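Residue numbers (my numbering): 2 to 563.
All C-beta atoms, glycine included, are put in the ideal place defined by N, C-alpha and C.
Bear in mind that the values here come from a model prediction, so they are computed numbers and not experimental data.
For reference, the structure discussed in these notes is given below.
Below you can see the structure in the form of structure tokens.
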């Protein structure tokens, strides 16, 4: 029987995660136990790039947010140097990775030759610094392509048609609209581009020493791939930019092998020459793998630079909001996802302004304010939001006659500010109410059987308690909040196994019946609401959620981008 015991004794599996603010590594052994991890933070460890939160914001182009491509190369080198004393690279039999979704890299003509002949006596950075037709990589936080989104939607018969075709309507951060903007605004860059990679396939390309394919799951975050056929959609390619297919290359399943590790890493870092590089994928798909999310009634909430809600489903039913991607570890299934741009950085802003720049003070405020916050509802958009499509701005309301109300007779009044403790509770409750409202509208389970929380803020007990109260279900957490690099390491082991067996094998065979003895098990953090008071809170949160969705709808009508 194929399973964990099929992984060779002493073997290591390396998972890398190239995210917005850092690169991370997680190493699993053949028992699927974490044996090492490491992080490089862009702002603090590579300060010469002068990024803030790993990104640049263009003051002259509203909503344009990007990162320096070469910074990711230097960060990978530094990460491997930091990891070297902790593990023996020669025992790594497979490596895979996770990249922030939607971000894109533009290799200039002739770069394939550079990639395939890297000199191990020189740094990656010195050899790749001139390999790009633009040094700026547009990333998922960018919202400067509204015009291109509408053009692509109109060309294929509307937003819903595009969603049915690709799994999502056109979103500003998606790679297709970003490519179209470059083609229109900087045609010389587009013309000089030999290959367009996602962040995931870019990092994989460095490791294999040639252009790696985009995987089908991350490829679904581009508005370019036919979600059912898992091939590039000629209709959308033509609506985006000319000769695009040859610049994108082929698609590959997420469990496939991208190639053997490049001789550069064998000689410079002593990797084994037979070490496999498994296709990289996006950060949310890797989190889905790392959380072992394989039951349709479960949801995951990731609280990071972006906040996401995701689950799995057997069939693709795209709509006008949310996203459908192929499941990265189950070829016949799909993952469904909602994404919020205003995550941890926006929470940090409120912490800095209202809680003396201290998470302890922030949590104390959260604990001492009562659930429901006296009917105070806040909308906090430090950056242009994705869901709902609202511009930068802050909106605060107090819902009146809350104690003896039904959904029909709730009224609200807008206010300029809340006191500090109420502001803290409002940003947490507001995000969770929005997640619940949109998840239900998108057809996700209601209530979920359980929620698995991950990402930096999932280590915050006060936030987890709010999630349980608002969704009305138990909340679990995993051993490590960085589930994307853990998922990448697990996918490295899974890809190695698929390669050995000559085809796909279910990922669950590696941990089924033994999850609690690995680093993958989830532990109960907050039980489901049970007593009378909790159930009363849940009822009132349901009313508050409906009121919030109603106010949000009016805001979108009045000032929304869509």
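Subject >> DSSP beta-bridge partners of residue 392 >> reply: Mapped onto the chain shown, residue 392 falls at position 391. Residue 392 pairs with nothing; no bridge assigned.
Subject >> Own chain, CB closer than 6 Å to residue 203, minus 5 neighbours either side, in chain order >> reply: On the chain shown, residue 203 is found 202 positions in, with the first residue counted as 1. Counting only Cβ-Cβ distances below 6 Å, and skipping sequence neighbours, we find 106.
Subject >> Counterpart residues of residue 424 in DSSP-defined beta bridges >> reply: Position 423 of the chain shown, counted from the start, is the residue given in the question as residue 424. Looking at the DSSP assignment, residue 424 forms no beta bridge with any residue, so it has no partner.
Original post:
Who are residue 361's beta bridge partners in DSSP?
Top reply: Translated into positions along the chain shown, residue 361 becomes position 360. Beta-bridge pairing links residue 361 to no other residue.
Original post:
Do the CB positions of residue 339 and residue 538 come within less than 9 Å of each other?
Top reply: In the chain shown, the residue the question calls residue 339 occupies position 338. In the chain shown, the residue the question calls residue 538 occupies position 537. No, they are not a contact pair.
Original post:
To the nearest angstrom, how far is it from the Cα of residue 285 to the Cα of residue 415?
Top reply: Walking along the chain shown from the start, residue 285 turns up at place 284. Walking along the chain shown from the start, residue 415 turns up at place 414. Going by the C-alpha atoms only, they are around 35 Å apart.
Original post:
In three-state DSSP terms, what is residue 309?
Top reply: What you label residue 309 is simply residue 308 of the chain shown in a count that begins at 1. It is a strand residue.
**OP:** Express the C-alpha separation of residue 462 and residue 474 in angstroms, rounding to a whole number.
**Re:** Here residue 474 refers to the residue found at position 473 when the chain shown is read from its first residue. Here residue 462 refers to the residue found at position 461 when the chain shown is read from its first residue. Those two C-alpha atoms are separated by around 15 Å.
Original post:
For residue 272, which residues from the same chain have a beta carbon less than 7 Å from its beta carbon, with the 5 sequence-adjacent residues on both sides left out?
Top reply: Within the chain shown, the letter at position 271 stands for residue 272. Hits under 7 Å: 90, 91, 93, 262, 266.
Subject >> Own chain, CB closer than 6 Å to residue 380, minus 5 neighbours either side, in chain order >> reply: Stepping through the chain shown from its first residue, residue 380 is reached at position 379. The residues are 396.
Subject >> alpha helix (DSSP H) segments (min. 4 residues) lying fully within the segment 482-558 >> reply: Segments of the alpha helix (DSSP H) lying fully in the segment 482-558: 484-502.
Original post:
What first and last residue would you give for the beta strand (DSSP E) that runs through residue 94?
Top reply: Numbered from 1 along the chain shown, position 93 holds the residue referred to as residue 94. Taken as a continuous stretch (DSSP letters only), the beta strand (DSSP E) holding residue 94 covers 93-100.
Original post:
From residue 390 to residue 417, what does the alpha carbon distance come to, in whole angstroms?
Top reply: Working through the chain shown from its first residue, we reach residue 390 at position 389. Working through the chain shown from its first residue, we reach residue 417 at position 416. Going by the C-alpha atoms only, they are around 22 Å apart.
Original post:
Can you pull the DSSP bridge partners for residue 340?
Top reply: Walking along the chain shown from the start, residue 340 turns up at place 339. DSSP output for residue 340 lists 309 as bridge partner(s).
**OP:** Please confirm if the segment 120-130 is in contact with the segment 513-530, defined as three or more CB-CB distances below 8 Å between the two stretches.
**Re:** The count of Cβ pairs closer than 8 Å, one atom from the segment 120-130 and one from the segment 513-530, stays below three, leaving the stretches out of contact.
Original post:
From what residue to what residue does the beta strand (DSSP E) around residue 259 run?
Top reply: Here residue 259 is taken as the residue at index 258 of the chain shown, counted from 1. Here the beta strand (DSSP E) through residue 259 covers 258-261.
Original post:
Got a sec? Which residues, its chain only, sit under 8 Å from residue 505 by beta carbon, not counting five neighbours each side?
Top reply: Here residue 505 is taken as the residue at index 504 of the chain shown, counted from 1. Within the same chain, residue 505 has close Cβ partners 254, 256, 332, 499.
**OP:** Would you check if the distance between the CB atom of residue 560 and the CB atom of residue 413 is smaller than 9 Å?
**Re:** Reading the chain shown from its first residue, position 559 is the one you call residue 560. Reading the chain shown from its first residue, position 412 is the one you call residue 413. Going by C-beta atoms, residue 560 is not nearer than 9 Å to residue 413.
**OP:** Label residue 308 either buried or exposed according to how many other C-beta atoms from any shown protein chain fall within 10 Å of its C-beta, with 16 as the threshold for buried.
**Re:** In the chain shown, the residue the question calls residue 308 occupies position 307. Buried: at least 16 other Cβ atoms inside 10 Å.
Subject >> CA nearest to the CA of residue 157, picked from 170, 145, 146 >> reply: Within the chain shown, the letter at position 156 stands for residue 157. Check the Cα spacing between residue 157 and each of 170, 145, 146: the tightest is with 170.
Original post:
Which two residues bound the contiguous alpha helix (DSSP H) that contains residue 188?
Top reply: Translated into the one-based positions of the chain shown, residue 188 becomes position 187. 188-192 is the extent of the alpha helix (DSSP H) around residue 188.
**OP:** Provide the residue span of the alpha helix (DSSP H) that contains residue 165, from first to last.
**Re:** Position 164 of the chain shown holds residue 165. First-last of the alpha helix (DSSP H) with residue 165: 160-167.
Original post:
Closest to residue 312 by CA distance: which of 242, 453, 224 is it?
Top reply: Mapped onto the chain shown, residue 312 falls at position 311. Checked all of 242, 453, 224; the closest Cα to residue 312 is 453.
**OP:** Could you work out which residue in 544, 14, 547 is closest to residue 277 when comparing CA atoms only?
**Re:** Here residue 277 refers to the residue found at position 276 when the chain shown is read from its first residue. Of the candidates 544, 14, 547, the one whose C-alpha sits nearest the C-alpha of residue 277 is 14.
Original post:
So, residue 180 versus residue 245, is the Cβ gap smaller than 9 Å?
Top reply: Here the question's residue 180 lines up with position 179 in the chain shown. Here the question's residue 245 lines up with position 244 in the chain shown. Yes, these two residues count as a Cβ contact at 9 Å.
Subject >> alpha helix (DSSP H) segment containing residue 466, residue limits >> reply: Residue numbering aside, residue 466 sits at position 465 when the chain shown is read from its first letter. Segment 462-472, the alpha helix (DSSP H) holding residue 466.
**OP:** Take residue 536 and list the residues in its own chain whose beta-carbon comes closer than 7 Å to its own, dropping the five residues that flank it on each side.
**Re:** Here the question's residue 536 lines up with position 535 in the chain shown. When the five nearest sequence neighbours on each side are left out, the beta carbons in the same chain lying within less than 7 Å of the beta carbon of residue 536 are those of 530, in order along the chain.
Original post:
Apart from the five residues just before and just after residue 129, which ones in its own chain have a Cβ nearer than 6 Å to its Cβ?
Top reply: Sequence index remark: in the chain shown, residue 129 carries index 128 (1-based). Contacts found: 74.
Subject >> Where residue 203 sits in the DSSP three-state scheme >> reply: Position 202 of the chain shown, counted from the start, is the residue given in the question as residue 203. Looking at residue 203 - three-state DSSP - the assignment turns out to be helix.
Original post:
Given a threshold of 16 other Cβ atoms within 10 Å of its Cβ, counted over all protein chains shown, does residue 393 qualify as buried or as exposed?
Top reply: Looking up residue 393 in the chain shown gives position 392. The residue in question, residue 393, is exposed, as its Cβ has fewer than 16 Cβ neighbours within 10 Å.
Original post:
What three-state label does DSSP hand residue 330 in the structure shown?
Top reply: Position 329 of the chain shown, counted from the start, is the residue given in the question as residue 330. Looking at residue 330 - three-state DSSP - the assignment turns out to be coil, as it is neither helix nor strand.
Subject >> Exposed unless 16 or more other CB atoms sit within 10 angstroms - verdict on residue 189 >> reply: Here residue 189 is taken as the residue at index 188 of the chain shown, counted from 1. By the neighbour-count rule (16 or more Cβ atoms within 10 Å), residue 189 is not buried but exposed.
**OP:** Give a yes or no on contact between the segment 76-90 and the segment 141-154, applying the rule of three or more CB pairs nearer than 8 Å.
**Re:** no
**OP:** Enumerate in chain order the residues of its own chain whose CB-to-CB distance from residue 442 is below 8 Å, with the five nearest sequence positions on each side excluded.
**Re:** If you number the chain shown from 1, residue 442 lands on position 441. Within the same chain, residue 442 has close Cβ partners 322, 550.
Subject >> For residue 245, the first and last residue of its enclosing alpha helix (DSSP H) >> reply: Sequence index remark: in the chain shown, residue 245 carries index 244 (1-based). That run of the alpha helix (DSSP H) goes 245-249.
Original post:
Ordered along the chain, which non-local residues of its own chain (more than five positions away) have a Cβ less than 7 Å from that of residue 47?
Top reply: Translated into positions along the chain shown, residue 47 becomes position 46. Counting only Cβ-Cβ distances below 7 Å, and skipping sequence neighbours, we find 72, 75, 76.
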